[in-house]
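Engineer: Residue numbers (the numbering used here): 1 to 303. Ideal placement from N, C-alpha and C gives every residue a C-beta, glycine not left out. Please read through the structure below; I'll follow up with questions.
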């Protein structure tokens with residue numbers, strides 16, 4: 001492990017294009033396609049989603065948060081939202097160092113939350129919820145690598161062919177991959193729990209507990225006993241986003257769920273996610289999704 005020599009502080013943020021009726025899960029086979037299918041993937045970039053990068057046959061390095069990590073056969077990287085990723089090669093993509101591999105990207109809400117209030121507490125997503133200064137690079141045992149290829153291939157076929165029920169099947173295949181990754185990381189779970197990043201964890205806990213209230217940066221900073229300026233600086237440097245941006249993302253995630261799964265009015269949904277003014281909620285939703293809440297609900301599957 002060493003430094004990449006690349007400036008990742010201003011790495012652009014790659015976001016998921018969320019549309020009703022389409023799967024939030026995407027899978028790419030390497031070297032056929034780049035790791036994100038997005039122009040920013042050609043240089044240092046951050047994601048606002050979770051990424052699983054499996055190098056079945058590979059050789060090279062990947063830069064994560066300014067550090068170079070070797071990539072070898074059987075390595076599996078789980079990359080959390082906000083981490084800066086780069087591939088220090090001439091081509092600048094994962095495909096340049098991988099002869100055979102897969103990338104899966106998905107938002108945290110693609111996995112049913114069950115009883116867990118935050119994705120960081122979800123047992124299947126725990127490998128992603130590590131301290132921000134640590135990278136989860138796991139090694140798939142040689143005898144299990146064929147099974148891993150099969151799981152990625154099954155997910156790819158569902159998303160490519162789109163048979164009836166492919167939404168549910170894709171989530172099921174993703175869940176199997178996450179179960180396998182969680183088992184690989186079980187040996188380091190205790191270390192990760194004890195060395196997590198306390199400030200980031202505290203900030204995200206406040207957002208999770210209070211996103212339904214009309215809270216501000218000042219409220220979040222007060223809850224963690226720090227100044228707004230300090231919280232903003234640390235969060236932007238470590239994740240590429242501000243408190244307000246993370247707050248909006250969490251509110252929009254819940255708004256999409258309520259619009260799809262309930263019959264609440266748009267005004268009621270807005271109030272549930274912290275927007276007392278329905279007109280402002282509609283403007284924010286349109287800015288994030290390029291459509292109104294009513295349009296999202298009308299286009300959701302099953303309606």
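By the 10 Å Cβ neighbour count, where 16 or more other Cβ atoms means buried, how is residue 279 classified, buried or exposed?
Structural biologist: Taking the first residue of the chain shown as position 1, residue 279 is located at position 279. Residue 279 comes out exposed.
Engineer: In the DSSP assignment, find the unbroken alpha helix (DSSP H) run with residue 54 in it and report its ends.
Structural biologist: Along the chain shown, one-based indexing puts residue 54 at 54. First-last for residue 54: 50–58, but that is the beta strand (DSSP E), not the alpha helix (DSSP H).
Engineer: Whose C-beta lies closer than 7 Å to the C-beta of residue 49 among residues of the same chain, with five residues either side of it excluded?
Structural biologist: Indexing the chain shown from 1 puts residue 49 at position 49. Answer for residue 49: 16, 81, 105, 106 and 107, listed in chain order.
Engineer: Should residue 270 be counted as a contact of the ligand ZN given a C-beta to heavy atom distance under 7 Å?
Structural biologist: In the structure shown, the ligand ZN is absent, as is every other ligand, since no ligand is present at all.
Engineer: Would you kindly check if the distance between the Cβ of residue 173 and the Cβ of residue 101 is under 8 Å?
Structural biologist: Numbered from 1 along the chain shown, position 101 holds the residue referred to as residue 101. Numbered from 1 along the chain shown, position 173 holds the residue referred to as residue 173. For residue 101 and residue 173, no; Cβs fall outside 8 Å.
Engineer: By DSSP's criteria, residue 69 is part of a beta bridge. Which residues make up the other side?
Structural biologist: Working through the chain shown from its first residue, we reach residue 69 at position 69. According to DSSP, residue 69 bridges with 62.
Engineer: Assuming contact is defined by CB atoms lying nearer than 8 Å, are residue 234 and residue 199 in contact in what I supplied?
Structural biologist: Stepping through the chain shown from its first residue, residue 234 is reached at position 234. Stepping through the chain shown from its first residue, residue 199 is reached at position 199. The answer is yes: Cβ separation under 8 Å.
Engineer: Specify the secondary structure class of residue 83 as computed by DSSP and reduced to three states.
Structural biologist: Against the chain shown, residue 83 aligns to sequence position 83. The three-state reading of DSSP puts residue 83 in coil, since its state is none of H, G, I, E or B.
Engineer: Apart from the five residues on each side of it in sequence, which residues of its chain come closer than 7 Å, Cβ to Cβ, to residue 176?
Structural biologist: Working through the chain shown from its first residue, we reach residue 176 at position 176. Same-chain partners within the cutoff: 151.
Engineer: State the DSSP-derived secondary structure class of residue 280, mapped to helix, strand or coil.
Structural biologist: For the purposes of this step, residue 280 is taken as the residue at position 280 of the chain shown. Three-state DSSP puts residue 280 in a helix.
Engineer: So, is residue 160 buried or exposed, given that buried needs 16 or more other C-beta atoms within 10 angstroms?
Structural biologist: Taking the first residue of the chain shown as position 1, residue 160 is located at position 160. With fewer than 16 Cβ atoms within 10 Å of its Cβ, residue 160 is classed as exposed.
Engineer: Who are residue 28's beta bridge partners in DSSP?
Structural biologist: Looking up residue 28 in the chain shown gives position 28. According to DSSP, which records beta bridges pairwise, residue 28 is partnered with 103.
Engineer: Counting pairs of Cβ atoms below 8 Å between the stretch 275–295 and the stretch 242–256, do you hit three or more?
Structural biologist: yes
Engineer: Compute the distance between the beta-carbons of residue 184 and residue 76, then report whether it is under 8 Å.
Structural biologist: Here residue 184 is taken as the residue at index 184 of the chain shown, counted from 1. Here residue 76 is taken as the residue at index 76 of the chain shown, counted from 1. Cβ distance < 8 Å, so residue 184 and residue 76 count as in contact.
Engineer: With burial defined as no fewer than 16 other Cβ atoms inside 10 Å of the residue's Cβ, what is the status of residue 294: buried or exposed?
Structural biologist: Against the chain shown, residue 294 aligns to sequence position 294. Residue 294 is exposed by the Cβ-count criterion.
Engineer: Excluding the 5 residues preceding and the 5 following residue 155 in the sequence, name in chain order all residues of the same chain whose CB lies nearer than 8 Å to its CB.
Structural biologist: As a position in the chain shown, residue 155 is number 155, starting the count at 1. Here the set comprises 25, 27, 104, 170, 173, 174 and 177.
Engineer: Measuring alpha carbon to alpha carbon, tell me which residue in 288, 29, 180 and 300 is nearest residue 153.
Structural biologist: Locating residue 153 in the chain shown gives position 153, where the first residue counts as 1. Nearest option by C-alpha distance: 29.
Engineer: Counting along the chain, where does the alpha helix (DSSP H) carrying residue 145 start and finish?
Structural biologist: As a first step, residue 145 must be located in the chain shown, where it is residue number 145. Run containing residue 145: 145–161, per the alpha helix (DSSP H) assignment.
Engineer: Spell out the partners DSSP gives residue 139 in its beta bridges.
Structural biologist: Residue numbering aside, residue 139 sits at position 139 when the chain shown is read from its first letter. According to DSSP, which records beta bridges pairwise, residue 139 is partnered with 75.
Engineer: Return the bridge partner residues of residue 47 from the DSSP annotation.
Structural biologist: Taking the chain shown and counting its residues from 1, one reaches residue 47 at position 47. The partner list for residue 47 (beta bridge, DSSP) reads 14.
Engineer: Return the Cβ separation of residue 299 and residue 292 in integer angstroms, given the expectation that the two are a contact with Cβ distance under 8 Å.
Structural biologist: Your numbering for residue 299 matches position 299 in the chain shown. Your numbering for residue 292 matches position 292 in the chain shown. About 11 Å; that fails the 8 Å criterion.
Engineer: Taking Cβ positions, are residue 297 and residue 259 nearer each other than 8 Å?
Structural biologist: Stepping through the chain shown from its first residue, residue 297 is reached at position 297. Stepping through the chain shown from its first residue, residue 259 is reached at position 259. Cβ atoms of residue 297 and residue 259: closer than 8 Å.
Engineer: Rounded to whole angstroms, what's the CA-CA distance from residue 66 to residue 139? Just pull it up for me.
Structural biologist: Translated into the one-based positions of the chain shown, residue 66 becomes position 66. Translated into the one-based positions of the chain shown, residue 139 becomes position 139. Going from the Cα of residue 66 to the Cα of residue 139 covers about 22 Å.
Engineer: Cβ of residue 206 within 8 Å of Cβ of residue 179?
Structural biologist: Here residue 206 corresponds to residue number 206 of the chain shown, with the count starting at 1. Here residue 179 corresponds to residue number 179 of the chain shown, with the count starting at 1. No, they are not a contact pair.
Engineer: Across which residues does DSSP place residue 98 in a beta bridge pair?
Structural biologist: For the purposes of this step, residue 98 is taken as residue 98 along the chain shown, with counting starting at 1. Beta-bridge pairing links residue 98 to 58.
Engineer: With burial defined as no fewer than 16 other Cβ atoms inside 10 Å of the residue's Cβ, what is the status of residue 72: buried or exposed?
Structural biologist: Position 72 of the chain shown, counting from 1, holds the residue named residue 72. Classification of residue 72: exposed, given that the 10 Å Cβ count is below 16.
Engineer: Counting along the chain, where does the alpha helix (DSSP H) carrying residue 290 start and finish?
Structural biologist: In the chain shown, counting from the first residue as 1, residue 290 sits at position 290. According to the DSSP assignment, residue 290 belongs to no alpha helix (DSSP H), since it is labelled neither H nor E.
Engineer: Look at the Cβ atom of residue 79, then the Cβ atom of residue 87, and state whether they are nearer than 8 Å.
Structural biologist: Here residue 79 refers to the residue found at position 79 when the chain shown is read from its first residue. Here residue 87 refers to the residue found at position 87 when the chain shown is read from its first residue. Contact flag unset, no.
Engineer: Around the Cβ of residue 58, are there at least 16 other Cβ atoms within 10 angstroms (buried) or fewer (exposed)?
Structural biologist: Translated into the one-based positions of the chain shown, residue 58 becomes position 58. Around the CB of residue 58, 16 or more other CB atoms lie within 10 Å, so the residue is classed as buried.
Engineer: Within the same chain, show all residues whose beta-carbon is closer than 8 Å to that of residue 276, passing over the 5 residues directly before and after it, in chain order.
Structural biologist: Position 276 of the chain shown, counting from 1, holds the residue named residue 276. Contacts found: 214 and 270.
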